[in-house]
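Quick notes on the structure that follows.
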Amino acid sequence: MKIITKYQRVAFPKGVAVGIAVFSLGVFFHSQVVSAAFTIPLRSKKGMVVSAHPLASEAGISILRKGGNAVDAAVATTFAISVVEPFSAGIGGGGFLLMYSQTTGEMKALDFRERAPLKATRNMYLDAQGKVRPNASVNGYLAVATPGTVAGMYEVHRRYGKLPWRELVKPAIALAKNGFTLSRVVTYRSLPAYEDRKPIILSNPAAREIFTRNGEYYQSGEKLVQRDLAQTLEAIAQNPQSFYTGNIAQAIAADMAKNGGLITLADLKAYKPIWRTPVCGDFRQAKICSMPPPSSGGVHLLQILNIIGDTDLKSWGWHHPDSLHLIAEAMKIAYSDRAKYLGDPDFVKVPTTQLISPAYAKLRRQQINMEQATPSTEVKPGLETIQNSKFKIQNPKLSESSETSHLVVVDGQHNAVSLTFTINLGFGAGVVTPGTGIVLNNEMDDFAAAPGVPNFFGLVGTEANAIAPRKTPLSSMTPTIVTENGHLRMVVGAPGGSTIITQVLQVILNVLVYGMDAGAAVSAPRIHHQWLPDELRVEPWGFDAVTLQQLRRRGHNIKETTPWGNANAIVVTADKTLEGAADPRGEGSPIGF
1193 MKIITKYQRV AFPKGVAVGI AVFSLGVFFH SQVVSAAFTI PLRSKKGMVV
1243 SAHPLASEAG ISILRKGGNA VDAAVATTFA ISVVEPFSAG IGGGGFLLMY
1293 SQTTGEMKAL DFRERAPLKA TRNMYLDAQG KVRPNASVNG YLAVATPGTV
1343 AGMYEVHRRY GKLPWRELVK PAIALAKNGF TLSRVVTYRS LPAYEDRKPI
1393 ILSNPAAREI FTRNGEYYQS GEKLVQRDLA QTLEAIAQNP QSFYTGNIAQ
1443 AIAADMAKNG GLITLADLKA YKPIWRTPVC GDFRQAKICS MPPPSSGGVH
1493 LLQILNIIGD TDLKSWGWHH PDSLHLIAEA MKIAYSDRAK YLGDPDFVKV
1543 PTTQLISPAY AKLRRQQINM EQATPSTEVK PGLETIQNSK FKIQNPKLSE
1593 SSETSHLVVV DGQHNAVSLT FTINLGFGAG VVTPGTGIVL NNEMDDFAAA
1643 PGVPNFFGLV GTEANAIAPR KTPLSSMTPT IVTENGHLRM VVGAPGGSTI
1693 ITQVLQVILN VLVYGMDAGA AVSAPRIHHQ WLPDELRVEP WGFDAVTLQQ
1743 LRRRGHNIKE TTPWGNANAI VVTADKTLEG AADPRGEGSP IGF
């Protein structure tokens, strides 16, 4: 078994507690021995931040210590991640935020996802024969959608923040200006995924200058300084609208025009984040709230939980073949519905109410054969047949990216934020706007370039997710907040492309059903099925041969893959203690005070 180690030790301010990973082998769960890399959670009473990087978590906790609230800390952590994880998320991308007020009980959802430019067309990635041009939606200027991160952070701060805006951007400015030491984990994750992205980075002069030297990425132990990004962040600290109407906007638009991109000053000026109504549902004694469309995350998280329903998974045992079979079959159903129905609700009618209704889940549950896996070709979206739809499904590839970043924050009053944001693939489109240090996203790949043609993650889309001007591409991001009896119970989320939904699902089940602490819940081995391709992905270190053989006998096409995802969570225990954990598959850390 390969243990993925945590990020290197860093110096933290006095009074700040840092979660350190502790690993143990042969962990015993429900009479089943598994090899595992489990992390011990950090506990705190006053407040906590968990993110994908210790320096970003430090930025967030410093804001809580100055008297900021959960929103303030989330904003600071987001900007810091934009500096220390430029390959996965940043101000050149977008995302979703879910927030909870313990005082009022309100749950709010903010969509600051990227949007298609005004000049975008539904067939913009097709050649003269109507076939998708390889990598046109992945690499270069044509792949970039209008970024939303800066607008989203300013909007949530304007409404709910406490400390001055400039104070929240300061930690990120310092990290960009002074630099930070690259970790071994980042270098490890760079192979092979980042090697695959290297040609596009080297082809862009501004990106090449920042992230490479003599044709190679900077290595572990070296310092990455981003002076242009520091100046950009200083301008944003003075006036966040400079990103959309000022010098930054002009630089982005001019570079786009020069290189065949579509984003104009009109696109940037028109961008506005959107407040949406969270999707919520009951699971056992808990209320689960998550992100609504244009994210598919919340809808299908609730759909799978509804299909599981009151099934006594705990009596079967943790990772028992019956439990795994049921969960996998429920995943297939949800992802088949995703392909058919999900899209931007401002452009298409999404049957959210039907998809998350217990009655619909009961109907779909009856279609699951507990003795035999149903082939994906026989799992139909809703009650319709695939033959009646207007597209033919091509063979999708399944190539997951660890990109995207998630963070969770709980303050001393138990107000909470769960936030996921991204630039999509590693280093986004491989484009940096000269003089700004901004890595731009390739989020246009999250649209259906053509009905039935899979995107980079192997996800198939239909007319609901076709490209249109100012439309938001469909997402799998699943920032989630769980309450019980009117009190905060859990804040959770993850990066990982199409696996985000299933990661969050399993972390929730680990806590609410199996009674795991936060560390065990985010560390436990995972499965993933997304309908197409018809493969049940499993982490090879976490499942014994007998279990896998039983699943194969039921007809599951098992594919053992390297560990994926980078979930993090904060769980509130019975005595109101905050229990935070970062995924041992990544380099993050929980920090409390």
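Numbering (the numbering used here), first residue to last: 1193 to 1785. Glycine residues also receive a C-beta, built at the ideal position from the N, C-alpha and C atoms.
| task | Report all residues from its chain with a CB closer than 6 Å to the CB of Ala1251; omit the five preceding and five following residues, and keep chain order. | result | As a first step, residue 1251 must be located in the sequence shown, where it is residue number 59. Apart from the 5 residues on each side of it in sequence, Ala1251 sits with its Cβ closer than 6 Å to the Cβ of Ala1268, Thr1269, Ala1272 and Pro1363 in its chain, given in chain order.
| field | Boundaries (first-last residue) of the beta strand (DSSP E) holding Thr1471 | value | Within the sequence shown, numbered from 1, the residue matching residue 1471 stands at position 279. For clarity, residue 1471 is Val in the given sequence; the question names Thr instead. From DSSP, the beta strand (DSSP E) with Val1471 extends over Val1471 to Phe1475.
| Option in Val1764, Ala1774 and Arg1777 with minimal Cα separation from Ser1236 | Walking along the sequence shown from the start, residue 1236 turns up at place 44. Measuring from the Cα of Ser1236, the nearest candidate turns out to be Val1764.
| Just the Cα atoms here: how many angstroms apart are Arg1777 and Ser1597? | The sequence position of residue 1777 within the sequence shown is 585, counting from 1. The sequence position of residue 1597 within the sequence shown is 405, counting from 1. Approximately 13 Å, taken between the alpha carbons.
| task | Take Val1674 and list the residues in its own chain whose beta-carbon comes closer than 6 Å to its own, dropping the five residues that flank it on each side. | result | Mapped onto the sequence shown, residue 1674 falls at position 482. Closer than 6 Å at the Cβ level, and outside the excluded window around Val1674, lie Ala1478, Ile1480, Arg1681 and Met1682.
| field | Distance CB(Arg1530)-CB(Ala1301) smaller than 8 Å | value | Along the sequence shown, one-based indexing puts residue 1530 at 338. Along the sequence shown, one-based indexing puts residue 1301 at 109. Against a cut-off of 8 Å, the Cβ pair of Ala1301 and Arg1530 comes out as no contact.
| task | Find the nearest neighbour of Lys1369 within the set Gln1418, Asn1406, Ile1466 and Gly1622, judged by alpha-carbon distance. | result | Position 177 of the sequence shown holds residue 1369. Closest by C-alpha distance to Lys1369, out of Gln1418, Asn1406, Ile1466 and Gly1622, is Gln1418.
| Taking Cβ positions, are Thr1404 and Leu1394 nearer each other than 8 Å? | Numbered from 1 along the sequence shown, position 212 holds the residue referred to as residue 1404. Numbered from 1 along the sequence shown, position 202 holds the residue referred to as residue 1394. Yes, Cβ-Cβ distance for Thr1404 and Leu1394 is below 8 Å.
| field | Where Thr1270 sits in the DSSP three-state scheme | value | Translated into the one-based positions of the sequence shown, residue 1270 becomes position 78. Correct three-state label for Thr1270: helix.
| task | Measure how close the beta-carbons of Thr1614 and Gly1287 come, nearest whole angstrom, since I'm counting them as under 8 Å. | result | The residue you call residue 1614 lines up with position 422 of the sequence shown. The residue you call residue 1287 lines up with position 95 of the sequence shown. Yes, they are in contact, since the Cβ atoms of Thr1614 and Gly1287 sit about 6 Å apart, within 8 Å.
| request: Identify the continuous beta strand (DSSP E) that holds Lys1532 and give its terminal residues. | output: Mapped onto the sequence shown, residue 1532 falls at position 340. Segment Pro1513 to Tyr1533 is the alpha helix (DSSP H) holding Lys1532; no beta strand (DSSP E) there.
| said: Distance check for Trp1510 and His1222, CA to CA, integer angstroms please. | reply: In the sequence shown, counting from the first residue as 1, residue 1222 sits at position 30. In the sequence shown, counting from the first residue as 1, residue 1510 sits at position 318. Unreliable positioning characterises His1222 in this predicted model, as indicated by a pLDDT of 31, which lies under 50. A coordinate reading is not provided.
| request: With DSSP as the reference, label Val1348 as helix, strand or coil. | output: Looking up residue 1348 in the sequence shown gives position 156. Reduced to three states, the DSSP call for Val1348 is helix.
| Tell me the DSSP bridge mates of Ala1774? | Taking the sequence shown and counting its residues from 1, the one referred to as residue 1774 is at position 582. Note: Ala1774 sits in a beta bridge opposite Asn1760.
| task | For Ser1487, count neighbouring C-beta atoms within 10 Å of its own C-beta (all shown protein chains included) and say buried if the count is 16 or more, exposed if not. | result | Residue numbering aside, residue 1487 sits at position 295 when the sequence shown is read from its first letter. Under this definition Ser1487 is a buried residue.
| message | Rounded to the nearest angstrom, what separates Gln1605 and Ser1249 at their Cα positions? | response | Here the question's residue 1605 lines up with position 413 in the sequence shown. Here the question's residue 1249 lines up with position 57 in the sequence shown. If I take the Cα positions, the gap works out to 19 Å.
| query | At what residues does the beta strand (DSSP E) containing Arg1718 begin and finish? | reply | Indexing the sequence shown from 1 puts residue 1718 at position 526. No beta strand (DSSP E) contains Arg1718, which DSSP labels as neither H nor E.
| field | Ile1255 beta carbon less than 8 Å from that of Ala1244 | value | Start at 1 with the first residue of the sequence shown, and residue 1244 comes out as number 52. Start at 1 with the first residue of the sequence shown, and residue 1255 comes out as number 63. No.
| query | Considering only C-alpha positions, which residue in the set Arg1389, Arg1745 and Ala1422 is nearest to Glu1408? | reply | The residue given as residue 1408 occupies position 216 in the sequence shown. Closest by alpha carbon: Arg1389.
| Exposed or buried, what is Glu1635 when buried is set at 16 or more other beta-carbons lying within 10 Å of its beta-carbon? | The residue labelled residue 1635 in the question sits at position 443 within the sequence shown. Buried.
| the stretch 1340-1353 in contact with the stretch 1456-1473 per 3-pair CB rule at 8 Å | yes
| Three-state secondary structure (DSSP) at Val1624? | Translated into the one-based positions of the sequence shown, residue 1624 becomes position 432. If DSSP states are grouped into helix, strand and coil, Val1624 belongs with the strands.
| query | When you compare only the Cα positions, how much space is there between Pro1755 and Gln1741? | reply | As a position in the sequence shown, residue 1755 is number 563, starting the count at 1. As a position in the sequence shown, residue 1741 is number 549, starting the count at 1. Near 20 Å, if we compare the C-alpha coordinates of Gln1741 and Pro1755.
| request: Would you give the residue range spanned by the beta strand (DSSP E) that Ala1364 belongs to? | output: Within the sequence shown, the letter at position 172 stands for residue 1364. It is not in any beta strand (DSSP E) - Ala1364 instead sits in the alpha helix (DSSP H) that spans Trp1357 to Asn1370.
| query | Taking the C-alpha atoms as reference points, what is the distance between Gly1622 and Asn1406? | reply | Here residue 1622 is taken as the residue at index 430 of the sequence shown, counted from 1. Here residue 1406 is taken as the residue at index 214 of the sequence shown, counted from 1. For Gly1622 and Asn1406, the distance between alpha carbons rounds to 17 Å.
| Per-residue DSSP class, three states only, for Val1542 | For the purposes of this step, residue 1542 is taken as the residue at position 350 of the sequence shown. Val1542: coil per DSSP, three-state reduction.
| task | Please classify Gly1286: does DSSP put it in a helix, a strand, or coil? | result | Along the sequence shown, one-based indexing puts residue 1286 at 94. Gly1286: strand per DSSP, three-state reduction.
| Alpha-carbon spacing of Ala1713 relative to Val1699, whole angstroms | One-based indexing of the sequence shown puts residue 1713 at position 521. One-based indexing of the sequence shown puts residue 1699 at position 507. Straight-line Cα distance between these residues: approximately 5 Å.
| request: For Tyr1527, I'd like the list of residues in its chain whose CB is within less than 6 Å of its CB, leaving aside the five on either flank, ordered along the chain. | output: Position 335 of the sequence shown, counted from the start, is the residue given in the question as residue 1527. Same-chain partners within the cutoff: Gln1722 and Trp1723.
| task | Check whether the Cβ atoms of Ile1630 and Gly1344 lie closer than 8 Å to each other. | result | Position 438 of the sequence shown holds residue 1630. Position 152 of the sequence shown holds residue 1344. Cβ distance not < 8 Å, so Ile1630 and Gly1344 don't count as in contact.
| message | Less than 8 Å between the C-beta atoms of Ala1366 and Asp1637, yes or no? | response | By one-based count along the sequence shown, residue 1366 stands at place 174. By one-based count along the sequence shown, residue 1637 stands at place 445. In this structure, Asp1637 does not lie closer than 8 Å to Ala1366 by Cβ.
| Comparing alpha-carbon positions, which option in His1720, Thr1628, Leu1454 and Arg1746 lies nearest Ser1690? | Position 498 of the sequence shown, counted from the first residue, corresponds to residue 1690. It is His1720.
| field | Cα-Cα separation, Phe1435 to Arg1307 | value | Position 243 of the sequence shown holds residue 1435. Position 115 of the sequence shown holds residue 1307. The straight-line gap from Cα to Cα measures roughly 15 Å.
| Do Leu1374 and Glu1414 come within 8 Å of each other at the CB atom, strictly closer than that value? | The count along the sequence shown starts at 1 and reaches residue 1414 at position 222. The count along the sequence shown starts at 1 and reaches residue 1374 at position 182. Their beta carbons are under 8 Å apart, which means Glu1414 touches Leu1374 by this criterion.
| request: Go through its chain and collect everything with a Cβ distance to Ala1398's Cβ below 6 Å, but skip five positions before and after it. | output: Here residue 1398 corresponds to residue number 206 of the sequence shown, with the count starting at 1. The answer, listed in chain order, is Val1624 and Pro1626.
| Does the beta-carbon distance from Pro1233 to Gly1734 come in below 8 Å? | Locating residue 1233 in the sequence shown gives position 41, counting from the first residue. Locating residue 1734 in the sequence shown gives position 542, counting from the first residue. Cβ distance not < 8 Å, so Pro1233 and Gly1734 don't count as in contact.
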